[in-house]
Amino acid sequence: MPKRNNRARALGPTLAERLEHLSVKRQEIVRPILEHPREYVLLSVRAMAQRLSTDPATIVRIVRGLGFASYREFQQHLHDLSIAFATSLDTMQMAGGKDTSIPAHLRQTIEQDFKNLQGLKNSLDPQRILAAAKRLYSARRILILAGDLAETLAYFLDYQGSILGLPFTSATSSGRITHLVRNVTSRDVVIAISFRRGLRQTVEGVLQARARGAYCIGIADTYLSPLARHCDELFLAPVESPSYAASYVAPMALLNAILSACGELNRPKTMALIKKVAEEQRKGFRWHSA
382 MPKRNNRARA LGPTLAERLE HLSVKRQEIV RPILEHPREY VLLSVRAMAQ RLSTDPATIV
442 RIVRGLGFAS YREFQQHLHD LSIAFATSLD TMQMAGGKDT SIPAHLRQTI EQDFKNLQGL
502 KNSLDPQRIL AAAKRLYSAR RILILAGDLA ETLAYFLDYQ GSILGLPFTS ATSSGRITHL
562 VRNVTSRDVV IAISFRRGLR QTVEGVLQAR ARGAYCIGIA DTYLSPLARH CDELFLAPVE
622 SPSYAASYVA PMALLNAILS ACGELNRPKT MALIKKVAEE QRKGFRWHSA
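In structure tokens:
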């Protein structure tokens, strides 16, 4: 499988260590930026220096000391931090003040969904999707780890994958994750779905699965996610929204792409299964007769 972007491994694991190597004074200067990235991400070097009561040259030296090649790269990191640590309150406050009309807010919500889909489309490599589908087809078992709202994505993937006869099992509680992960082997694939900072139960499940040799695929919305550091492969799907709730339009599209690749990978088998599905859809007892 093609290697994913190494950005997460280059920055995330070493940033705390590099921070400790700065002088105490410089640590005190940069700490507010890292703790409240949303307040600083759009500032120029000069504006940031003025706000922190220092000079631009010191800011640049701190940025380089943290391992960033440029101030622009540091700003991108702050943007990623803002996404990873965003709360429902943050997203609603960013969307607009009290004067924003409801129709305007609805349009903004749909527009953001389109932006998320466009971001997914621009970043998605079909060959990586195909490679992931091959992994799923060759797996003894496929374990989906998720929690909170992401449970809906796990259920969708589990349900649709079962139609293709793939050995999916979803785990969405800490106890179930612990018990199921205990039995994974190198013949299994684990799909972990978690956004923002990542849920503890999902991340710890990945750590346990990796320790037992399972191949782990992560689905997140930022390279700062713990899944980026601990999974063998990572797919990004934006969940940004002007509302209190994260948008799962892009993650659903990503899962559809993975399922579509699985269906096309062994098309004769898929067609044989779908013919049986069609028969049930025409005559099955589940369906209401007009």
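Following our numbering, the residues of the sequence shown are numbered contiguously, the last one being 671.
For each residue, glycine too, the CB sits at the ideal point set by N, CA and C.
All of these numbers come straight from a predicted model, not from anything done at the bench.
Would you give the residue range spanned by the alpha helix (DSSP H) that residue i belongs to?
{"i": "F537", "result": "E532 to I544"}
{"i": "A592", "result": "R581 to A592"}
{"i": "A430", "result": "V426 to R432"}
{"i": "E409", "result": "V405 to E416"}
Measuring straight from C-alpha to C-alpha, what distance separates residue i and residue j?
{"i": "D494", "j": "V630", "result": "6 Å"}
{"i": "E420", "j": "A659", "result": "54 Å"}
{"i": "L654", "j": "R648", "result": "10 Å"}
{"i": "V587", "j": "H611", "result": "7 Å"}
{"i": "R563", "j": "R557", "result": "10 Å"}
{"i": "A590", "j": "T553", "result": "15 Å"}
{"i": "L605", "j": "D461", "result": "7 Å"}
{"i": "E454", "j": "I414", "result": "14 Å"}
{"i": "A485", "j": "Q457", "result": "28 Å"}
{"i": "M382", "j": "P507", "result": "Annotation note: pLDDT 39 at M382 (below 50); position unreliable, coordinate value reported separately. Cα to Cα, the separation comes out at about 12 Å."}
{"i": "K664", "j": "S670", "result": "9 Å"}
{"i": "M473", "j": "L487", "result": "13 Å"}
{"i": "L617", "j": "V584", "result": "16 Å"}
{"i": "T481", "j": "L530", "result": "27 Å"}
{"i": "A626", "j": "G542", "result": "26 Å"}
{"i": "R390", "j": "A609", "result": "Low confidence applies here, because R390 scores a pLDDT of 42, under 50, leaving its location unreliable and the question unanswered by this model."}
{"i": "P548", "j": "V411", "result": "48 Å"}
{"i": "A592", "j": "T566", "result": "9 Å"}
{"i": "V426", "j": "S463", "result": "18 Å"}
Taking only three categories from DSSP, how would you classify residue i?
{"i": "T550", "result": "strand"}
{"i": "G556", "result": "helix"}
{"i": "L505", "result": "coil"}
{"i": "L526", "result": "strand"}
{"i": "G644", "result": "helix"}
{"i": "L487", "result": "helix"}
{"i": "F455", "result": "helix"}
{"i": "A397", "result": "helix"}
{"i": "Y629", "result": "coil"}
{"i": "E621", "result": "coil"}
{"i": "A450", "result": "coil"}
{"i": "L511", "result": "helix"}
{"i": "L635", "result": "helix"}
How would you write the range of the beta strand (DSSP E) that residue i sits in, first residue to last?
{"i": "A573", "result": "V570 to I574"}
{"i": "F466", "result": "It is not in any beta strand (DSSP E) - F466 carries neither H nor E in the DSSP assignment."}
{"i": "G446", "result": "No beta strand (DSSP E) contains G446, which is instead part of the alpha helix (DSSP H) from P437 to G446."}
Take residue i and list the residues in its own chain whose beta-carbon comes closer than 6 Å to its own, dropping the five residues that flank it on each side.
{"i": "D613", "result": "Y596 and C597"}
{"i": "A430", "result": "D436, P437 and I440"}
{"i": "L396", "result": "none"}
What residues in its chain sit with their C-beta under 7 Å from that of residue i, if we drop five residues either side in the sequence?
{"i": "A514", "result": "I639, A642, C643 and L646"}
{"i": "A465", "result": "R577, R578, T603, L605 and S606"}
{"i": "A535", "result": "I525, A527, S551, T553 and I574"}
{"i": "L561", "result": "L524, T550 and A552"}
{"i": "L517", "result": "I523, L547, V570 and C643"}
Spatial neighbours of residue i within its chain, please: CB distance less than 8 Å, with the 5 preceding and 5 following residues excluded, ordered by chain position.
{"i": "L498", "result": "V630, A631 and A634"}
{"i": "R432", "result": "Y421 and L424"}
Assess contact between the stretch 567 to 581 and the stretch 524 to 533, defined as three or more Cβ pairs (one per stretch) separated by less than 8 Å. Is contact present? Between the stretch 567 to 581 and the stretch 524 to 533 there are three or more inter-stretch CB-CB distances shorter than 8 Å, so the stretches are counted as touching.
Would you call the stretch 431 to 443 in contact with the stretch 397 to 417, where contact means no fewer than 3 C-beta pairs closer than 8 Å? A contact exists between the stretch 431 to 443 and the stretch 397 to 417.
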